[in-house]
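Going line by line, the protein sequences match chains D and A. Counting with my numbering, you get residues 175 to 772 for the letters of the first sequence. Counting with my numbering, you get residues 362 to 610 for the letters of the second sequence. Virtual Cβ for every residue (Gly too), placed ideally from N, Cα, C.
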Amino acid sequence: MPYNAPLKEFQLLLETVAPIAELSKLEHFADATPDTVSAILDETSKFASEVLDPLNWPGDREGAKRHADNTVTTPKGFKEAYQGFKAMGGMGLPMPQEFGGMGLPRSVATLTDEMLHSSCMSFGLMPMLTQGAIEAVLLAGSDALKATFLEKMVAGEWAGTMNLTEPHAGSDLALVKTRADRIGDGTYKIFGTKIYITFGEHDWTKQIVHLVLARTPDAPEGVKGISLFVVPKMLVNKDGSLGERNDAYCVSIEHKLGIHASPTAVMQYGDNGGAVGYLVGEENRGLEYMFIMMNLARFGVGLQGIGIAERSYQRAVSYARDRVQSRDVGAPKNPSVPIIRHPDIRRLLLRMRSQTEAARALAMATAYAIDLAEAHPDPETRKANQAFVDLMIPVVKGWSTEMAQEVTSNGVQVHGGMGFVEETGAAQYYRDARITTIYEGTTAIQANDLIGRKMAREGGMTAKSLINAMRIFADSLDGQNNVHLKAAQQRLRAGIDAMARAVDFNLANFNTNVRACFAGSVPMVKLFGIVCGAWALTRVCVEAAQRSAANHPDKAFYDAKLATLRFYVDTMMPEAIAAADVIVNGAEGTLALEEAAF
Amino acid sequence: MKVLVPVKRVVDYNVKVRVKADNSGVDIANVKMSMNPFCEIAVEEAVRLKEKGAATEIIAVSAGVAQCQETLRNAMAIGADRGILIETDVELQPLAVAKLLKAVVDREQPQLVILGKQAIDDDANQTGQMLAALLGWGQATFASKVEIEGNTAKVTCEVDGGLETISVKLPAIITTDLRLNEPRYATLPNIMKAKKKQLDTLKPADLGVDVTPRLTTLKVEEPPKRKGGVKVADVAALIDKLKNEAKVI
Chain D
175 MPYNAPLKEF
185 QLLLETVAPI
195 AELSKLEHFA
205 DATPDTVSAI
215 LDETSKFASE
225 VLDPLNWPGD
235 REGAKRHADN
245 TVTTPKGFKE
255 AYQGFKAMGG
265 MGLPMPQEFG
275 GMGLPRSVAT
285 LTDEMLHSSC
295 MSFGLMPMLT
305 QGAIEAVLLA
315 GSDALKATFL
325 EKMVAGEWAG
335 TMNLTEPHAG
345 SDLALVKTRA
355 DRIGDGTYKI
365 FGTKIYITFG
375 EHDWTKQIVH
385 LVLARTPDAP
395 EGVKGISLFV
405 VPKMLVNKDG
415 SLGERNDAYC
425 VSIEHKLGIH
435 ASPTAVMQYG
445 DNGGAVGYLV
455 GEENRGLEYM
465 FIMMNLARFG
475 VGLQGIGIAE
485 RSYQRAVSYA
495 RDRVQSRDVG
505 APKNPSVPII
515 RHPDIRRLLL
525 RMRSQTEAAR
535 ALAMATAYAI
545 DLAEAHPDPE
555 TRKANQAFVD
565 LMIPVVKGWS
575 TEMAQEVTSN
585 GVQVHGGMGF
595 VEETGAAQYY
605 RDARITTIYE
615 GTTAIQANDL
625 IGRKMAREGG
635 MTAKSLINAM
645 RIFADSLDGQ
655 NNVHLKAAQQ
665 RLRAGIDAMA
675 RAVDFNLANF
685 NTNVRACFAG
695 SVPMVKLFGI
705 VCGAWALTRV
715 CVEAAQRSAA
725 NHPDKAFYDA
735 KLATLRFYVD
745 TMMPEAIAAA
755 DVIVNGAEGT
765 LALEEAAF
Chain A
362 MKVLVPVKRV
372 VDYNVKVRVK
382 ADNSGVDIAN
392 VKMSMNPFCE
402 IAVEEAVRLK
412 EKGAATEIIA
422 VSAGVAQCQE
432 TLRNAMAIGA
442 DRGILIETDV
452 ELQPLAVAKL
462 LKAVVDREQP
472 QLVILGKQAI
482 DDDANQTGQM
492 LAALLGWGQA
502 TFASKVEIEG
512 NTAKVTCEVD
522 GGLETISVKL
532 PAIITTDLRL
542 NEPRYATLPN
552 IMKAKKKQLD
562 TLKPADLGVD
572 VTPRLTTLKV
582 EEPPKRKGGV
592 KVADVAALID
602 KLKNEAKVI
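Here's what the structure looks like:
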């Protein structure tokens, strides 16, 4: 069953939570007119369905391979697919026009990225990481670095990677040991080992531009002594052509649970005299740059969760329509029915569908805020949107990827025994999804970020103003007649109350009983995800209700949106309220057991 | 050499169409519309001719409702230089389209017109041939290979039971078959650039063409549903049914 991009839903999101017509009124996004954007989404969806989706399963079977000469090859067809992606101009879509990009808003890139991840997550990783590397150079790189690297990277000619993790430094980057020696001419020699480097080596491009965290010899201990370097695989000649091989080699690739087509490299720098590196920005500010950029990377991983959940749902629905098994419990004398008739299969499919749609609506509301924070003429509007974005990034990342675990697992469940057999493809989504709650910061790291840096540090200002905005929205539903919207209003109010209770608890205890707050941090991500997801989805459905009531020719589509919302608020909101209970009352139980007793 | 490429907006090939309740036609309200796949092949071929240096300008032309602009933008994103929309809400039949195209050819004086051999909605397979007759030009239909050599086009045509290679003097009409080429994906920057290319809108009256339909659709029906099978007792019963009921032997 081929991937079918939910283009109608994308369109509706671009008319509600991320109104593209409004964005294109800003000078910065003047080219992003609704008709152009719609043509871009169409063409990308064709590429995703026709080129990437057919590669996904064989790519998982074959996997990336490393060879004795330190080269890495990706599965059959991937290199050619990348050539197609490059020719389409996919890499430059959200990148500045100054360096050859198209300068389109995040609200558009969010949807094109989702399509890449839905059809082949292993493929989607490479542009994601390359765009991350481009962002880092854009953010803090010197003009010389920008001139040497950016145009080629934006064009997709050269790839990029992010090198943070070392064997002993995972979530705690203060422990980074990779060394950067100044050699007097402004450049550095890099020595060390980096692990988990996505697309650290591959056969898609001749050049790979590694962004590497390392310490200069006299740097202070801890996170304040880390600098960021560009370490290209091939040194670049003055005329821009590729020169000698740099001392940066892939010494092995990992054998993983999922994303088999994406090579995850162990990178060795400086074993043959030192890898030439160029400082990005100033010394000792590497982590700071990395974190600004990491916001986008985390958002991107959230989109992977949404993309893979969508794909898993589509496959499950198609199986459930096809598979005939048992009679309808309500009509036991009739012949056996497709399993989609059974109430519990509906429940599974609706949990999959409604959480995916809510997470997507929230991601798009966040993407729109990213665009306004970048391009709105009014500084206050920019600031308010940036605060909202900062609060939502750990939620979009943490929640969308956690819900993808449940969704892809349900995708296997709908298939029954056949889901456990690899041939159906359902299991691959389950395995591929598993990494998304881990890389770019585990769910716990997102949760720490949410309750600490994004909430307690500013006295809950942004969280409270969001709660306030959601209450005003809930009040605005008073005049609605649609039964599902009425139900959503009531449930949303209960969810907002739960969120307020949990936020108050966190703020009241963060300084006095911080371990209790952290014991409930991951439930806080879930609570925020479900409630904010409901808020975003309801905003979309206000428009859907209007069109349905006006007998829009596509009434069936809008009615389906509303029915999905109804399931979501009835079924998921109680889980949010339960999460608030866990946050407020669960710490004692989490912390009581003696460590030795585990 | 100027090349004219007519393109048609049709229901997307992925859409499963439904017959309207009153049997007056198929329901195309709110279904996804795209460029006819054979027309895409025609645009692609024109762009390849331009890339080889054989063509200098490609003009895409479409006739129909205002939304055909999207189809023209799509053609321009693939590589057409400019577009002409002949806007009308009237149902267009092949002869009317051929007359409109003749009027455009008279204005633009292209050396070559490349059309899809048929559109996947009505499957008429007539417009190219009618246009050739109206113009008095040579035609090479169902092309699977096109080479321009000076003042002639050498075209391999797919005919019943094989291939026929013919040479037509320019100006000429070529209609494309599936195997002629595999259309490229429009690049995303070109989609944006297409927005800025010239698109002129005309009315049939501007071209002096009467597009009133000459054929009337009486009734459109779904294909008959497949009936369930029956078990036969023995070979004799099977033969009997094949002979007397199905009347196939």
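Query, Result
"Below-9 angstroms beta-carbon distance, residue 431(A) vs any chain D residue", "yes"
"Segment contact, 8 angstroms Cβ cut-off, at least three pairs: the stretch 739-747 of chain D with the stretch 659-674 of chain D", "yes"
"Separation of residue 473(A) from residue 235(D), as counted between CA atoms", "48 angstroms"
"Residue burial classification, residue 374(A) (beta-carbon count within 10 angstroms, cutoff 16)", "exposed"
"Identity of the residues DSSP links to residue 425(A) by a beta bridge", "448(A)"
"Cβ pair residue 380(A), residue 516(A) closer than 9 angstroms", "no"
"Beta-carbon spacing of residue 566(D), residue 706(D) below 9 angstroms", "yes"
"Inside the stretch 508-569 of chain A only - beta strand (DSSP E) runs reaching at least 3 residues", "513-520, 523-530, 533-537, 560-563"
"Below-9 angstroms beta-carbon distance, residue 476(A) vs any chain D residue", "no"
"Span of the beta strand (DSSP E), counted from its first residue to its last, around residue 384(D)", "381-388"
"Residues of the stretch 564-590 of chain A whose Cβ lies closer than 7 angstroms to any Cβ of chain D, in chain order", "none"
"Boundaries (first-last residue) of the beta strand (DSSP E) holding residue 353(D)", "353-356"
"C-beta neighbour in chain D for residue 517(A), strict 9 angstroms", "no"
"Three-state secondary structure assigned by DSSP to residue 175(D)", "coil"
"Counterpart residues of residue 366(D) in DSSP-defined beta bridges", "443(D)"
"Cβ distance (whole Å) where residue 451(D) is taken to contact residue 343(D) below 8 angstroms", "The Cβ separation is near 18 angstroms, so there is no contact."
"Closest by C-alpha distance to residue 559(D), when choosing among 547(D), 607(D), 414(D)", "547(D)"
"Which of helix, strand or coil DSSP assigns to residue 481(A)", "coil"
"Proximity to residue 566(A) [Cα-Cα], best of 365(A), 438(A), 446(A), 585(A)", "446(A)"
"Spatial distance of residue 258(D) from residue 487(A) (CA atoms)", "35 angstroms"
"When 313(D), 360(D), 431(D), 239(D) are compared against residue 602(D), the one with the closest alpha-carbon", "431(D)"
"Residues that DSSP places opposite residue 371(D) in a beta bridge", "439(D)"
"Member of 394(A), 458(A), 467(A), 463(A) whose CA lies at the smallest distance from the CA of residue 495(A)", "463(A)"
"Cα-Cα separation between residue 347(D) and residue 500(D), rounded to whole angstroms", "54 angstroms"
"Residue 313(D) versus residue 599(D) - alpha carbon distance", "40 angstroms"
"Own chain partners of residue 616(D) with C-beta closer than 8 angstroms, once the 5 adjacent residues on each side are dropped", "345"
"Stretch pair the stretch 744-758 of chain D + the stretch 447-458 of chain A: three plus CB contacts closer than 8 angstroms", "no"
"Min CB distance residue 218(D) to chain A below 9 angstroms", "yes"
"Beta carbon of residue 181(D) nearer than 9 angstroms to that of residue 215(D)", "yes"
"Inter-residue Cα distance where the pair is residue 444(A) and residue 455(A)", "20 angstroms"
"Neighbour list for residue 496(D) in chain E, Cβ cutoff strictly below 7 angstroms", "Chain labels in this structure do not include chain E; the protein chains are D and A."
"Neighbour flag for residue 553(A) against chain D, beta carbons, 9 angstroms", "yes"
"Whole-angstrom distance between residue 613(D) and residue 465(D), CA atom to CA atom", "14 angstroms"
"Any chain A beta carbon closer than 9 angstroms to residue 284(D)", "no"
"Distance, residue 542(D) Cα to residue 418(D) Cα", "43 angstroms"
"CB of residue 520(D) within 9 angstroms of CB of residue 484(D), strictly", "no"
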